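Residue numbers (my numbering), protein chains in the order written: chain W, 3 to 259; chain Z, 53 to 809. Virtual Cβ for every residue (Gly too), placed ideally from N, Cα, C. The structure presented is a predicted model; accordingly, all values stated were derived computationally and were not measured.
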């Protein structure tokens, strides 16, 4: 089976899944799904609930090991790697923004952002300096000492975004990053995600069931019954009614479809 | 990572602090109990390993010249109000005569050293009841090394060599025994302590495990978040271990202080019947070290084991698989064990196959522990079918979801309840068998054997003096037994004397004296045989017309009206024995040999005292078992409290959502109460029920073997009211423990606090 790359054949994919099969007990989630994502691309993975889109993302990120098929990152096969190696890879090369539960509520905003660097044994001072440098970019000025349990939903997602980007990952995996937010806050988070990843040249694999969110992506695939199919190009997102200004961070760049 | 772990512990807000406090308190209680068991065991070991000078033996007194390193030694025991007094009569034969431990020098003639407890008694009790038994005056106290505990009654009386040589049973000793005395019960107690430690250790570790896994689900979510950003399994383990070790270490410190606070109480009680010296009731440095090292280590280990799910996926517990349901095979050992235990006892009551019975008992206990989760699942199904309201249904579903987890806190309790119920059935029935029937009427009757084995009895002249003195005492009734001149083992007894003690039986009308067997009644130390030998005189007893004058006394049965009179009689008998020995049985006139009374190392005992000595052993076993049951109940209560608090913290979100959607706090309280209490009640009832139902066959077998089928004492092998009250009280206390956690439920599920990170 040929992996769909949708016109980016020139650059080898940074993340790729080939014929992925994954079941939970008797429930199949992926049934021969294949996808390839070139470097710097923002890919939206869409599909109805239970279609297997989150499972596809978890397989590509090395969280799940597929029952069959192959997963590649930067040309290296990763589905055969041990748990520790995959953890190290997640820490070094990947960033994650999920809908819930990705922050440690007992830690402060700064602690949470610095966490991947601390886990990578970066000196404490450097880790916190790096964490603090992200606060103004994401409109989190003055919130560094707050516990994440004490900030709003939108702020918490921006903290998650900062944490996903603080170590300059090659790929950011975002699973319904705006799922728990109202549309305005959701769009603020998406604009930040898109603008910063474009600035950093980071690849984004974005799982969503919202067309408005998918519209921020360069390209969109559809997961249905465990298969990946080509979808129509995403429509341009509509601008928030009251405009959008967040902190001193970079403004969203061109969506560049 | 260690720093991050400590940071997570130290800065994790009120909820984490609450978790830390609960963990520490639960571990502290466990540690204090473990230290207490170790301390009691050390006290017991100190006693059982004590050099036993009482076991010293020597050689017969000879006329050859003694060496300077020898002494005359005469060890005996006397009784005061049911308590034994060790008495050593001693006379140094030279300046290097050996000394018993705890004695600075040997007492001279007319002097004695008493143990502190005996010295106190001698000061308070009239001399006629106790002091007159010992010749001389007190010159000092026996040191601890001579004694097994602070309450022991012992005395070392000094004699002149010629005085002591004249006493029967005196020996020449040149070396004091230093080996520990291995009594029949020592190994039993040692085994008991071992089993008790294991039985306590199981729920204790289970509680420490529960405590360190408190609110595990929420913690696992945090750790999963760490895994998501790339923490390796090893790094997550470090964070989790730091958390567990901090809680356990705080618990160990509090536990050690708790133990030190209750230590004076421990010194004042003893499970084995003898109070230990306070300074021996210590876990020792090794015990402390083992606890301080092992408990945090076990906590870390337990925490790591519980984190296996986070090993699997950084998505945490969201994808966990439902644990396998417990199968019916779990109760199979019990189903096999019950007939295996009962059959040998019922089919061969006289001589049951002990191996099969023990195997059966082991299988029953294994079945109870294994089958508990299956039972919990069945109960949850019944609850689900019969539940009328939402609380019953919610609790039933929760129990059905994880019956193994629900039963875990009760697992240790099952064995304790089983053992406690079994003992509570057997001991009262056993005690009743010894105290009911004809023997009960002889409780205050003193047995004075005067003929035994080669000893012919008390000569007629001395016997007449003794009887005349005893008859002159108020509150004293004597039944003299005479040696049968026909050479039979049966004694001759007067029918008029028998009337004073109807429990001994009665003669046919017109008969003045009969021959009857009193050997066992006078000599056996097993009270279970008393009823077998009573009545001693029946219509089939052979009448005799022999005159009592000129007959040797083979024994006396002396009835007294109260304990003081009894001790006066006993003191008189001791004095009389010494006087009679000096006047008629001195070295010059020893041809006739001493009588049995003089040779007996133990003074005469009442029937009640004989029964009490045997009952004391049984009571000690009962006390030890009930103490274990009480400790395990305490542990189960703590486990329950910890478990309930943990499950509440874990389910903060669903419970708050239920409350937000209109479920009343009362309903949620019912859910928690039901899901906590139902497994506890079910397992308690089953364990107690099995124990009570299997307790009767062994009793029947025991009595059938010893008494024959005509006796029926095993009629009431069921526990007394106190037992049922204790069980009900324990369960009520458990319900209160669960209810005590309800303010927490209210606080954490308050709708205005509803906020999920």
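Less than 8 Å separates the beta-carbon of residue 691 of chain Z from that of residue 461 of chain Z. Residue 224 of chain W and residue 48 of chain W have their alpha carbons spaced roughly 5 Å apart. Setting aside the 5 residues that flank it on each side, residue 441 of chain Z is surrounded in the same chain by 719, 722, each with a C-beta closer than 8 Å to its C-beta; the list follows chain order.
Closest option to residue 281 of chain Z, judged by alpha-carbon separation, among W:27, W:26, W:50, W:63: W:63. Secondary structure remark: continuous beta strand (DSSP E) runs of at least 3 residues inside the region 501-559 of chain Z, in chain order: 528-534, 543-546.
The contact set of residue 121 of chain W on chain Z, defined by CB atoms closer than 9 Å, consists of 53, 56, 278, 281, 282, 283, 284, 287 in chain order.
Taking the beta carbon of residue 93 of chain W as reference, the chain Z residues within 9 Å of it are 281, 282, 283, 284, listed in sequence order. Counting only the Cα atoms, residue 679 of chain Z lies some 27 Å from residue 793 of chain Z. Residue 380 of chain Z is classed as exposed because its beta carbon has fewer than 16 other beta carbons within 10 Å across all chains shown. Short of 6 Å from the beta carbon of residue 515 of chain Z, and not among the five residues preceding or following it, lie these beta carbons of its own chain, in chain order: 605. Residue 40 of chain W and residue 22 of chain W have their C-alpha atoms some 18 Å from each other. Non-local beta-carbon contacts of residue 452 of chain Z in its own chain, meaning distances under 7 Å to residues more than five positions away in sequence, involve 429, 432, 433, 436 in chain order. A distance below 6 Å between beta-carbons, with the five flanking residues on each side excluded, links residue 211 of chain Z to the following residues of its chain, in chain order: 141, 143, 161. The DSSP assignment places complete alpha helix (DSSP H) segments of no fewer than 4 residues inside the region 263-327 of chain Z at 268-280, 285-320, in order along the chain.
The beta carbon of residue 378 of chain Z lies closer than 7 Å to those of 425, 426, 429, 455, 456 in the same chain, with the five residues before and after it left out. With contacts defined by Cβ atoms closer than 8 Å, residue 566 of chain Z and residue 537 of chain Z do not form a contacting pair. Within the region 76-103 of chain Z, not one residue has a Cβ closer than 7 Å to any Cβ of chain W. Residue 202 of chain Z sits in coil when the DSSP states are folded into three classes, being neither helix nor strand.
Residue 210 of chain W sits away from residue 174 of chain W, with the two beta carbons spaced by 8 Å or more. In the DSSP assignment, residue 199 of chain W falls within the alpha helix (DSSP H) that extends over 185-202. The residue among Z:57, Z:171, Z:689 with its C-alpha nearest the C-alpha of residue 289 of chain Z is Z:57. When DSSP reads this structure, residue 207 of chain W sits in a beta bridge with W:45, W:175. Nearest CB-CB separation between residue 68 of chain W and chain Z: not below the 8 Å threshold. Counted as a single uninterrupted DSSP element, the beta strand (DSSP E) harbouring residue 229 of chain W occupies residues 229-232. Residue environment: residue 74 of chain W is assigned as buried (16 or more neighbouring CB atoms within 10 Å of its CB, all protein chains considered). Along the region 61-90 of chain W, the positions whose C-beta sits under 8 Å from a C-beta of chain Z are 65, 66, 85, 86, 89, 90, read in chain order. Within chain W, the residues placing a beta-carbon under 8 Å from that of residue 274 of chain Z are 106, 107, 108, ordered along the chain. Note on geometry: alpha-carbon atoms of residue 684 of chain Z and residue 208 of chain W lie some 55 Å from one another. The three-state secondary structure of residue 65 of chain W, taken from DSSP, is coil.
Taking a beta-carbon distance threshold of 8 Å, residue 160 of chain W does not count as an interface residue toward chain Z. Here DSSP, grouped into helix, strand and coil, assigns residue 182 of chain W to coil. Check the Cα spacing between residue 170 of chain W and each of W:59, W:93, W:50: the tightest is with W:93. Counting the other CB atoms within 10 Å of its CB gives residue 93 of chain Z a total of 16 or more, which places it among the buried residues.
With fewer than 16 other Cβ atoms from the protein chains shown falling within 10 Å of its own Cβ, residue 438 of chain Z counts as exposed. Looking at Z:306, Z:621, Z:529, the one whose alpha-carbon comes closest to that of residue 181 of chain Z is Z:621.
Straight-line measurement puts the Cα of residue 659 of chain Z at about 13 Å from the Cα of residue 553 of chain Z.
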